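This report concerns only the one structure given below.
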Amino acid sequence: MSQPPSARPSPTGSPAVRPTPNINLENIYSNLAALIQRVRNNQLPQNQVSPLRSLISSYAKDIIIFHARLGRPSPLLNLPELLNPTIKVGNYEPLTTEATFLGSIQQGMQAARSIKPDQALIASVAARQRQPVRPPGTSSPATSARASPQPQQPAMSLAEVKELVGLPTEERNRRLDADPAMKARFVSAYQFYQRRTAQQKQATPGVRPPAPAGTSTTPSSADTPSGSPAPLTAAAMPNIPGTPATPTLPAAAAARPPPASSAAPAVPSVPTIPGSIPPHAKPVSPNPAPAVASAKLTPPSQPTRPATPALPSQPQQPVPQPVQAPPPPVVQQRPPSPPRPPPPPPEPEPVRRRRKVREYLSEFGPGLQVELGVDDVFGEVLDMFIESAARDAIRLAAHRSSLRVEPKDVALILNKQHGIAVPGFAQQVPERVHVQEDSNKRARLVAPRAARRRDDE
Numbered sequence: 001m002s003q004p005p006s007a008r009p010s011p012t013g014s015p016a017v018r019p020t021p022n023i024n025l026e027n028i029y030s031n032l033a034a035l036i037q038r039v040r041n042n043q044l045p046q047n048q049v050s051p052l053r054s055l056i057s058s059y060a061k062d063i064i065i066f067h068a069r070l071g072r073p074s075p076l077l078n079l080p081e082l083l084n085p086t087i088k089v090g091n092y093e094p095l096t097t098e099a100t101f102l103g104s105i106q107q108g109m110q111a112a113r114s115i116k117p118d119q120a121l122i123a124s125v126a127a128r129q130r131q132p133v134r135p136p137g138t139s140s141p142a143t144s145a146r147a148s149p150q151p152q153q154p155a156m157s158l159a160e161v162k163e164l165v166g167l168p169t170e171e172r173n174r175r176l177d178a179d180p181a182m183k184a185r186f187v188s189a190y191q192f193y194q195r196r197t198a199q200q201k202q203a204t205p206g207v208r209p210p211a212p213a214g215t216s217t218t219p220s221s222a223d224t225p226s227g228s229p230a231p232l233t234a235a236a237m238p239n240i241p242g243t244p245a246t247p248t249l250p251a252a253a254a255a256r257p258p259p260a261s262s263a264a265p266a267v268p269s270v271p272t273i274p275g276s277i278p279p280h281a282k283p284v285s286p287n288p289a290p291a292v293a294s295a296k297l298t299p300p301s302q303p304t305r306p307a308t309p310a311l312p313s314q315p316q317q318p319v320p321q322p323v324q325a326p327p328p329p330v331v332q333q334r335p336p337s338p339p340r341p342p343p344p345p346p347e348p349e350p351v352r353r354r355r356k357v358r359e360y361l362s363e364f365g366p367g368l369q370v371e372l373g374v375d376d377v378f379g380e381v382l383d384m385f386i387e388s389a390a391r392d393a394i395r396l397a398a399h400r401s402s403l404r405v406e407p408k409d410v411a412l413i414l415n416k417q418h419g420i421a422v423p424g425f426a427q428q429v430p431e432r433v434h435v436q437e438d439s440n441k442r443a444r445l446v447a448p449r450a451a452r453r454r455d456d457e
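Residue numbering for the sequence shown follows the UniProt record's numbering, beginning at 1 and increasing consecutively.
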């Protein structure tokens, strides 16, 4: 990649903060998606937000082109508000204008359209996923080691550590709980002396015979080659929860050399960018070499621990796990669903009548045939019936001075003219029949003889 351009002033007048030129920008580009995800989860340290905003503001076009070469979508298309360099968020001032930032993104998108995935770059990024990546503006472990070659000094002397170990469990726990700073120094010194003991065991040329029963196994200061205080062995130290325990290995077994960053402070000031496990967080795995003829050896697979009282558990700091850049989302192409057939057109009324006549015929008279023109006669009769009933029902509603034609109008017309009883209207009397009461009837007297004479004449 070409040399990055010179820094341009920010809209506020102060020069924009640019990443250190000796930082491998491609390594940071490949982990940019993981960094943005950590910002969304509120897991990114505050001292890394400003360099990341400056990186996005200055190299937006290069970031888009780099992800196009990897065949990945650009992470700048969905930035969280904290990493948007065009707005002010909290104490972070805007680094560029919105028009300039969007222009850089558009230029990168136009250039990315003609770029094909680079297989060599993809393989190189995959090989670098397990290498530690430092944020812009921080020094690497090798640079820190060259700048400060002095070895790390323990936070507490060996005599003080032994004094605390020799105390009863309740007294030791009470002292450490009362002074958290002393507890932190004690744990740091305990880890330091454990590492130094492992290094001195590795540098021991021969096999020391087992000590007689009843004698102390802690070597004196005279036994050490440098004349420094004797290392604190695992048998003399308590098993502190939350700290890496050193298993009891054979004296002739060579432990794996400690990582290069073992001389760094126990608590790093700036956590490493995800993408690999930092060197100080890798535990020392007990992998002994082929055993030399010696006394009875303890199997490496079953490390023994001293039966000393344990200190209260110390809150263990979470070890950042390796976060690999997420693969590009795979868009599943679903086959297009076949278009739905349009609804059938409405059946014409003559066709529907013919079909109904055939259905009635097959239901009430199976085997009978219909002469040509019968269905047309049925249709004409039906039209006349509907027209007559509708006209009379409308007249009846108008006679009642009603505003609408009601079902009772149709029911009355069908009952009067055609003798058809409509369901729901057969219970009410359509007209009132006056019947004279028996008390008001006048009986007429008939003379039988007079009537017979009248008939004879």
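Even glycine gets a Cβ: it sits at the ideal position worked out from N, Cα and C.
For clarity, every value in this text was computed on a predicted model and none was experimentally measured.
- Of the candidates S124, I63, S114, A68, the residue whose Cα lies closest to the Cα of F101 is I63.
- Here T86 has P94, T96, T97, E98, F101 as same chain residues with Cβ atoms under 7 Å from its own Cβ, once five neighbours each way along the sequence are excluded.
- V39 places its beta carbon 8 Å or farther from that of L76.
- Under a 10 Å Cβ-count criterion, Q417 is classified as exposed, with fewer than 16 other Cβ atoms of the shown protein chains found around its own Cβ.
- Residue burial is scored here from C-beta neighbours: D409 has at least 16 other C-beta atoms within 10 angstroms and is therefore classed as buried.
- Between the alpha carbons of F378 and P339 lies a gap of roughly 41 Å.
- One thing to note: V422 has its Cβ within 8 Å of the Cβ of L414.
- In this structure, D383 keeps its C-beta atom at 8 Å or more from the C-beta atom of V357.
- In the structure shown, Y59 adopts coil according to DSSP, grouped into three states.
- Close CB contacts of I115 within its chain, under the 8 Å cut and outside five residues either way in sequence, are with I65, A68, R69 (chain order).
- The beta-carbon separation of L164 and F186, rounded to 6 Å, stays under the 8 Å limit for a contact.
- For D409, the enclosing alpha helix (DSSP H) stretches over residues 407-417.
- With contacts defined as CB atoms closer than 8 Å, Y92 and R53 qualify as a contacting pair.
- Excluding the 5 residues flanking it on each side, A389 has same chain C-beta neighbours closer than 7 Å at V410, I413, L414, in chain order.
- For F192, the enclosing alpha helix (DSSP H) stretches over residues 180-203.
- In this chain, the alpha helix (DSSP H) harbouring T100 covers 98-112.
- Taking each of A60, N78, E160, A159 in turn and checking the Cα distance to A112, the smallest one comes out for A60.
- When the Cα atoms are used, A126 and G90 turn out to be separated by approximately 36 Å.
- Taking all protein chains shown into account, S362 has fewer than 16 neighbouring C-beta atoms within 10 Å of its C-beta and is therefore exposed.
- With at least 16 other beta carbons inside 10 angstroms of its own, Y190 counts as buried.
- When secondary structure is reduced to three states using DSSP, V370 falls in the coil class, being assigned neither helix nor strand.
- Residue pairing from DSSP places V89 in a beta bridge opposite Y92.
- A residue is called buried once 16 or more other Cβ atoms fall within 10 Å of its Cβ, and A155 is buried on that count.
- Taking 8 Å as the cut-off, the Cβ atoms of I36 and G71 do not count as close.
- When the beta-carbon positions are compared, R128 and N42 stay at least 8 Å from each other.
- In the three-state reduction of the DSSP assignment, F364 falls in the helix class, which pools H, G and I.
- For R400, the number of other beta carbons within 10 angstroms of its own is below 16, and it is reported as exposed.
- Per DSSP, G166 is one residue of the alpha helix (DSSP H) stretching across 158-166.
- Just so you know, the alpha carbons of P342 and Y360 end up roughly 30 Å apart.
- A straight-line Cα-Cα distance of about 13 Å links I56 and G103.
- Under the three-state reduction of DSSP, F66 is assigned to helix.
- Within the same chain, I413 come within 6 Å of D392 by CB-CB distance, once the 5 residues on both sides are set aside.
- The three-state reading of DSSP puts R400 in coil, since its state is none of H, G, I, E or B.
- When the Cα atoms are used, Q110 and Q48 turn out to be separated by approximately 30 Å.
- By the Cβ neighbour-count rule, P51 is buried, with 16 or more other Cβ atoms within 10 Å of its own.
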